[in-house]
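In what follows, a single structure is set out as structure tokens and then discussed.
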Amino acid sequence: MPVHIIEYIWKYSKWQQLSLIALTFCSFPLLYFTLEIPKLIINDVLSNQSDTRSFLGFDFEPFTLLLTLSFSLLGLVLISGVFKIYINTLKGKVGETLIRRLRYMLMTQLLKFPLQRFDHMPSGEVSITIVQETDPLAGFAGDSFALPIFQGGTLLTILLFMFMQDWILGIASLALVPIQIFIIPRLQRQINFLRKERIQRVRVLSSRIVETVDAIEEVHIQGTRRYTLAEFSYRFGELYKIRLAIFKKKFFLKFLNNLLGHMTPFLFYAVGGYLIIE
Numbered sequence: 001m002p003v004h005i006i007e008y009i010w011k012y013s014k015w016q017q018l019s020l021i022a023l024t025f026c027s028f029p030l031l032y033f034t035l036e037i038p039k040l041i042i043n044d045v046l047s048n049q050s051d052t053r054s055f056l057g058f059d060f061e062p063f064t065l066l067l068t069l070s071f072s073l074l075g076l077v078l079i080s081g082v083f084k085i086y087i088n089t090l091k092g093k094v095g096e097t098l099i100r101r102l103r104y105m106l107m108t109q110l111l112k113f114p115l116q117r118f119d120h121m122p123s124g125e126v127s128i129t130i131v132q133e134t135d136p137l138a139g140f141a142g143d144s145f146a147l148p149i150f151q152g153g154t155l156l157t158i159l160l161f162m163f164m165q166d167w168i169l170g171i172a173s174l175a176l177v178p179i180q181i182f183i184i185p186r187l188q189r190q191i192n193f194l195r196k197e198r199i200q201r202v203r204v205l206s207s208r209i210v211e212t213v214d215a216i217e218e219v220h221i222q223g224t225r226r227y228t229l230a231e232f233s234y235r236f237g238e239l240y241k242i243r244l245a246i247f248k249k250k251f252f253l254k255f256l257n258n259l260l261g262h263m264t265p266f267l268f269y270a271v272g273g274y275l276i277i278e
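Below, the structure written as structure tokens:
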């Protein structure tokens, strides 16, 4: 069994990962044209005062060209949506397949242990390791290769579109690069660290719950109920703090990604509009 999780994902889902990467690359032209068509609507339809509009070597009436470009944009949005549905479904399938395989491999290793090993192995911890701790692998397995390529490719596509319009506009859009390259990966690493910390604490908590249940008679005899509750209150509080920190960082990361998605039209209309006015 591979030591590192990335090696495990690549070994048992290499062809599926390559399919996800190929589909991700196919989505970039769609993104580019969804940026290009609104520009064509403004420049060739709304700003042009002539009675006919020339587009792709054909002459159109203004209203006909407007409808053609508008429905083309709608078609691209629908195709892009279908792409995303298929890609996300494939990601989920890859993740669930890898989880099933990993759980089977863990059970296989568990059944190979000598009987003496089970005397020092809490059953609750084993159950959590095989069932709960493998769940996060599903999302990570699907995104491990395709997501970085998607994020980087999206940024490069936006930069290419900006530079194709005007080099000043392209330079202005370079302000997005530090956020995409430095801030977002750093936040993701912090989230991953907190998730690992949460898993470790859940494992210890589960073990302590099993120990407490097994020794419940001693708790009643020695009158340590309050001390036991105080310990669990502290452990529950620590888990609460970790999960709250994960939520804050995760939703801030979504906010940044959403902001980056809306920065493209903002820069295009603000900087591009200023250049046209000047």
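Position 78 of the sequence shown, counting from 1, maps to 78 under UniProt numbering, and the rest follow consecutively. Just so it is clear, CB atoms sit at the ideal spot from N, CA and C, and this is done for glycine as well.
Residue range of the unbroken alpha helix (DSSP H) whose run includes residue i
i	result
phenylalanine 150	146-165
alanine 141	136-143
valine 3	Looking at the DSSP string, valine 3 is not in any alpha helix (DSSP H), and its letter there is neither H nor E.
aspartate 214	184-214
phenylalanine 118	115-118
threonine 108	62-112
Through-space distance from residue j to residue i, alpha-carbon basis
i	j	result
glutamine 17	alanine 146	7 angstroms
lysine 249	leucine 187	7 angstroms
lysine 39	proline 185	32 angstroms
leucine 111	isoleucine 221	37 angstroms
threonine 64	glycine 152	37 angstroms
isoleucine 41	leucine 66	7 angstroms
valine 213	leucine 244	28 angstroms
tyrosine 72	asparagine 192	The question names tyrosine, yet the displayed sequence has serine at residue 72. The straight-line gap from Cα to Cα measures roughly 40 angstroms.
threonine 34	alanine 175	22 angstroms
lysine 14	glycine 139	16 angstroms
leucine 239	glutamine 109	29 angstroms
valine 219	phenylalanine 150	55 angstroms
leucine 31	phenylalanine 247	29 angstroms
glycine 142	glycine 92	6 angstroms
histidine 262	leucine 106	44 angstroms
phenylalanine 118	leucine 76	58 angstroms
leucine 137	leucine 267	37 angstroms
cysteine 26	proline 62	31 angstroms
threonine 157	methionine 164	11 angstroms
isoleucine 87	isoleucine 21	10 angstroms
tyrosine 12	proline 2	10 angstroms
valine 210	leucine 256	42 angstroms
isoleucine 181	glutamine 132	32 angstroms
leucine 90	serine 144	13 angstroms
serine 19	phenylalanine 251	29 angstroms
serine 80	isoleucine 37	14 angstroms
lysine 241	phenylalanine 83	38 angstroms
residue 316	isoleucine 199	With the chain running from 1 to 278 in the structure shown, residue 316 is simply not present.
leucine 78	histidine 120	56 angstroms
lysine 196	isoleucine 216	30 angstroms
asparagine 43	isoleucine 6	47 angstroms
isoleucine 179	aspartate 135	29 angstroms
phenylalanine 113	glutamate 96	26 angstroms
leucine 253	proline 29	25 angstroms
Outcome for residue i when other beta-carbon atoms lying within 10 angstroms are tallied against a minimum of 16
i	result
valine 94	buried
serine 127	exposed
leucine 69	buried
residue 291	What the structure shows of the chain is the stretch from 1 to 278, and residue 291 is not part of that stretch, so it cannot be assessed.
phenylalanine 161	buried
leucine 194	buried
isoleucine 9	buried
Residue i CB to nearest heavy atom of the ligand GDP below 7 angstroms
i	result
glutamate 218	Inclusion of the ligand GDP in the displayed structure is not the case, the ligand content being empty and no account of it being possible.
Contact with chain D by residue i, beta-carbon distance below 8 angstroms
i	result
serine 207	Checking the listed chains, one finds no chain D in this structure; it contains a single protein chain.
How do the stretch 232-244 and the stretch 189-207 stand: do at least 3 beta-carbon pairs fall below 8 angstroms, yes or no? yes
Looking at C-beta atoms only, is the number of pairs between the stretch 97-115 and the stretch 157-177 that lie closer than 8 angstroms three or more? no
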